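Colleague: Taking full-length UniProt numbering, the leading residue of the sequence shown gets 1, the next gets one more, and so forth.
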Amino acid sequence: MASTGSTPFPKWQLAILLGAPLAIGLGYLYLRNRLEDSENKKVTDLKTKTTISLDNEENNTKASESAIDRAMKLKGAGNRAFHAGEYDKAIALYNEAIEACPPDRPVDLATFYQNRSACYEKREMWEQVKEDCTFALKLNEKYVKAFLRRSRAAEKSGDLVLALEDVTSACILERFQVQSSLVNADRILKALGRQHAREALAKRRPVMPSKHFIKTYFSAFSEDPISKIQLDDNVTGGFAKAKTALNTQDYDAIVDACTEELSGNGKYKNEALLLRATFYLLLGRHDEAQMDLGKVIDSDASTKVKVNALIKRASLYTQLENTDHCLEDFARAAQLDPNNSDIYHHRGQVYLLLERMDEATAEFAKAVELNPDFSIAYIQKCYADYRHAQINKNVGAIAQVRADFERALERFPRCAEAYILFAQVLSDQQEWGRAEALFDSALSVDPNNATLYVHKGLVQLQKSTDFDKAVKLINKAIEMDDKCDFAYETLGTIEVQRGNLRRSLELFEKAIALAKTELEMTHLFSLKDAAAAQLKVSERWGLDWTVS
């Protein structure tokens, strides 16, 4: 599977690099004002919306005490009926408790509504659950149970935006200390992100990635059949034009040139299909890519061309979260060309993403055995070995990996990935100085790689929480490459941590516009949706999240 960007790291690891367990909690560490207990507002029209019927006895203390005593007894009876599974009886008792409750006891009244909503939840009556929880929250605006129950009902009824806002409110009130709420927030974020991603993909305009991104993508294939084709000067036609455009980095001309080859009687139809499919992948035009790749796989194309198409379709299946079809295509490729190192290299990346570390290390080892001079496979084997050793807490193996990286730098001094991945390992080991030096070495080898400035910015955050220096470095990446989605995403995440939620939304939008897969877009929308929910809750309660 080709790298999904100029950075070799999965995008969902960014929050971990920044020390945040979940996107929804990124700004919490920098909350300036503690949540203050305030007087619960009385809702004057609440009684008219329910079946409450009370005499005007607010000034009669003895009568009020008698009324609340009766309401509490009804609540207790309702609780017993609820626990016995007699939900209709419990609803009737809570109705009576609501009617009996004096208007000067808003917190108690909120509890009665919340309890009745629990009965409706058991009956899967989601609109009634939401209505009762809303009444409860009007009476007690920081009622965690009501937020959580309304969130569940909203999720069940398909209102994921409300579900996220409510679970966000609960997480803030719980100081992000309750694991079950965080898990719920993460689940809702993923579902909402996927929903928004699919809506956006249906109407998005394809964007050609940066030239550096495309160069990095093709460099991940040591046996790319297109680059190995040498055309004579007298060869004309669409494929010849496409090859020239590829060599001169005129990438916008490639799809049309390949289509021209396919519309005529050209000699290189299968190669044109493969090249066009590759650029459809890069543009995020997945249906068209899948169609072209399927035609190549089912054609009389050469083995190398078919295998490359199978690897790329496997990559596409990974992006579409269809692991079974992905691994089937890799297996088919291995049957056709068992000595093709690209198969094992890219399958190793899939296993790495799936956290199937034993299989990942075996695949990278096989790739290096078949093609020991392919620097990228060699380096990624080192990184997979490191991840394997780290997971197993094998100190000796980690020391061996470090030695392997040192040898890799000597053997492949012009390979930027060698410096980048070793720098990541050293960052994990909190050796910030050497990590920075390695990123600088990578820049000397690959000065047009904007993502290196993003990585340098992340090191500043990890070693000293120097936001200003990190932001300056990441902005330099954007100046160098305005299509560097990794920079926009990282900067957006930093702005969430700094409490600049509106700015973070703008940055996530820019990253989303550059996303090439539904998986990437889902992740980015999850970050954006988390920030949007946090902003809405902050404005409701007058919270200040900015860093002083």
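We put the beta carbon where it would ideally sit given N, CA and C, even for glycine.
Note that this is a predicted model, so its numbers are computed, not measured.
Taking Val161 as the reference, which of Leu543, Glu539, Trp541, Ala532 has the closest Cα?
Modeller: Here residue 161 refers to the residue found at position 161 of the sequence shown. Taking the Cα of Val161 as reference, the smallest distance to any Cα among Leu543, Glu539, Trp541, Ala532 is reached at Ala532.
Colleague: Below 8 Å CB to CB, which residues in the same chain sit around Asp466 once its five sequence neighbours on both sides are set aside?
Modeller: Residue numbering aside, residue 466 sits at position 466 when the sequence shown is read from its first letter. Excluding the 5 residues flanking it on each side, Asp466 has same chain C-beta neighbours closer than 8 Å at Gln460, in chain order.
Colleague: Secondary structure at Met357, three-state DSSP: helix, strand or coil?
Modeller: The count along the sequence shown starts at 1 and reaches residue 357 at position 357. Helix at Met357.
Colleague: Scan the stretch 403-482 and note each continuous alpha helix (DSSP H) run of 4 residues or more that stays entirely inside, going in chain order.
Modeller: 416-428, 432-445, 451-464, 467-480
Colleague: Have a look at Ile68, Ser375, Val144 and flag the residue whose alpha-carbon is nearest the alpha-carbon of Cys101.
Modeller: Numbered from its first residue, the sequence shown carries residue 101 at position 101. The option with the nearest alpha carbon to Cys101 is Ile68.
Colleague: Under 8 Å between the Cβ atoms of residue 555 and Cys119?
Modeller: One cannot answer for residue 555 here, as it falls past the ends of the chain, which runs 1 to 548.
Colleague: Judging by CA-CA distance, which residue of Lys463, Glu436, Thr490, Ser441 is the nearest neighbour of Asn475?
Modeller: Along the sequence shown, read from residue 1 onward, the residue named residue 475 stands at position 475. Nearest C-alpha to Asn475: Thr490.
Colleague: Report the three-state DSSP secondary structure of Asp45 (helix, strand or coil).
Modeller: Locating residue 45 in the sequence shown gives position 45, where the first residue counts as 1. Low local confidence applies: a pLDDT of 43 at Asp45 is under 50, so the model's placement there is unreliable, with the coordinate-based value given in what follows. Coil at Asp45, not helix or strand.
Colleague: Ignore the nearest five residues each way along the sequence and tell me which others in Leu473's own chain have a CB closer than 8 Å to its CB.
Modeller: By 1-based counting over the sequence shown, the position of residue 473 is 473. Same-chain partners within the cutoff: Tyr453, Val454, Lys456, Gly457, Gln460.
Colleague: Does the stretch 385-399 come into contact with the stretch 247-259, if we say contact requires no fewer than three beta-carbon pairs (one atom in each stretch) closer than 8 Å?
Modeller: no
Colleague: For a test of the three-state rule: what should DSSP assign to Phe176, helix, strand or coil?
Modeller: Along the sequence shown, one-based indexing puts residue 176 at 176. Coil.
Colleague: DSSP three-state call for Phe374: helix, strand or coil?
Modeller: Here residue 374 is taken as the residue at index 374 of the sequence shown, counted from 1. Looking at Phe374 - three-state DSSP - the assignment turns out to be coil, as it is neither helix nor strand.
Colleague: Quick check: the stretch 360-374 against the stretch 308-327, are at least 3 beta-carbon pairs closer than 8 Å?
Modeller: no
Colleague: Could you check where the alpha helix (DSSP H) with Lys295 kicks off and where it finishes?
Modeller: Residue 295 sits at position 295 when you count from the first residue of the sequence shown. Per DSSP, Lys295 belongs to the alpha helix (DSSP H) from 286-297.
Colleague: Helix, strand or coil for Asp324 per DSSP?
Modeller: One-based indexing of the sequence shown puts residue 324 at position 324. Looking at Asp324 - three-state DSSP - the assignment turns out to be helix.
Colleague: Should the stretch 102-121 be called in touch with the stretch 69-86, which here means at least 3 C-beta pairs below 8 Å?
Modeller: yes
Colleague: Which residues in the same chain have their Cβ closer than 8 Å to the Cβ of Leu148, if we skip the five residues on either side of it in sequence?
Modeller: What you label residue 148 is simply residue 148 of the sequence shown in a count that begins at 1. Asp166, Val167, Ala170, Ser181, Asn184, listed in sequence order.
Colleague: Check whether the Cβ atoms of Leu514 and Asp485 lie closer than 8 Å to each other.
Modeller: Mapped onto the sequence shown, residue 514 falls at position 514. Mapped onto the sequence shown, residue 485 falls at position 485. Cβ distance < 8 Å, so Leu514 and Asp485 count as in contact.
Colleague: When the Cα of Tyr351 is compared with those of Gln380, Pro372, Ser375, which residue comes out closest?
Modeller: In the sequence shown, residue 351 corresponds to position 351, counting from 1. Taking only the C-alpha atoms, the option nearest Tyr351 is Gln380.
Colleague: Do Asp440 and His212 have their C-beta atoms within less than 8 Å of each other?
Modeller: Taking the first residue of the sequence shown as 1, we reach residue 440 at position 440. Taking the first residue of the sequence shown as 1, we reach residue 212 at position 212. Their beta carbons are not under 8 Å apart, which means Asp440 does not touch His212 by this criterion.
Colleague: Does at least one heavy atom of the ligand MN sit under 7 Å from the Cβ of Tyr143?
Modeller: As far as ligands go, the structure on display features none, and thus does not contain the ligand MN.
Colleague: Hey, would you say Thr493 sits closer than 8 Å to Gly193, going by beta carbons?
Modeller: Locating residue 493 in the sequence shown gives position 493, where the first residue counts as 1. Locating residue 193 in the sequence shown gives position 193, where the first residue counts as 1. No, they are not a contact pair.
Colleague: Count the other CB atoms, across all protein chains shown, that sit within 10 Å of the CB of Pro338; report buried if there are 16 or more and exposed otherwise.
Modeller: Within the sequence shown, residue 338 is the residue found at index 338, counting from 1. Exposed, because fewer than 16 other Cβ atoms sit within 10 Å of the Cβ of Pro338.
Colleague: Between which residues of its own chain and Arg503 is the CB-CB distance below 7 Å, once the five residues before and five after are set aside?
Modeller: As a working note, residue 503 is residue 503 in the sequence shown. Result list for Arg503: Glu495, in chain order.
Colleague: What first and last residue would you give for the alpha helix (DSSP H) that runs through Tyr488?
Modeller: Here the question's residue 488 lines up with position 488 in the sequence shown. 485-498 is the span of the alpha helix (DSSP H), which, as asked, contains Tyr488.
Colleague: May I ask you to verify whether the stretch 233-247 touches the stretch 281-294, counting CB pairs closer than 8 Å and requiring at least 3?
Modeller: no
Colleague: Whose C-beta lies closer than 7 Å to the C-beta of Lys145 among residues of the same chain, with five residues either side of it excluded?
Modeller: Walking along the sequence shown from the start, residue 145 turns up at place 145. Contacts found: Gln114.
Colleague: How many angstroms separate the CA atom of Leu426 from the CA atom of Gln128?
Modeller: Sequence index remark: in the sequence shown, residue 426 carries index 426 (1-based). Sequence index remark: in the sequence shown, residue 128 carries index 128 (1-based). Distance between the alpha carbons of Leu426 and Gln128 is about 54 Å.
Colleague: Give me, in chain order, the residues of the same chain whose beta-carbon lies closer than 8 Å to that of Leu507; leave out the 5 immediate sequence neighbours on both sides.
Modeller: Position 507 of the sequence shown, counted from the start, is the residue given in the question as residue 507. Take Leu507, set aside five residues on each side of it, and the residues of its chain with a beta-carbon closer than 8 Å to its own are Tyr488, Glu489, Leu491, Gly492, Glu495, in chain order.
Colleague: With DSSP collapsed to three states, give me the class of Ser222.
Modeller: Within the sequence shown, the letter at position 222 stands for residue 222. Looking at Ser222 - three-state DSSP - the assignment turns out to be coil, as it is neither helix nor strand.
Colleague: Considering just the uninterrupted stretch of the alpha helix (DSSP H) at Glu127, what are its terminal residues?
Modeller: The count along the sequence shown starts at 1 and reaches residue 127 at position 127. That run of the alpha helix (DSSP H) goes 126-139.
Colleague: If you compare alpha carbons, which of Leu310, Arg105, Glu121, Ser66 is closest to Ala90?
Modeller: Here residue 90 is taken as the residue at index 90 of the sequence shown, counted from 1. The candidate whose alpha carbon is nearest that of Ala90 is Glu121.
Colleague: Between the alpha carbons of Gly542 and Gln534, how many angstroms are there, rounded?
Modeller: The residue you call residue 542 lines up with position 542 of the sequence shown. The residue you call residue 534 lines up with position 534 of the sequence shown. Spanning the two alpha carbons is a distance of roughly 12 Å.
Colleague: Are the CB atoms of Thr259 and Arg276 nearer to each other than 8 Å?
Modeller: Mapped onto the sequence shown, residue 259 falls at position 259. Mapped onto the sequence shown, residue 276 falls at position 276. Yes, the pair counts as a contact, with Cβ atoms nearer than the cut-off.
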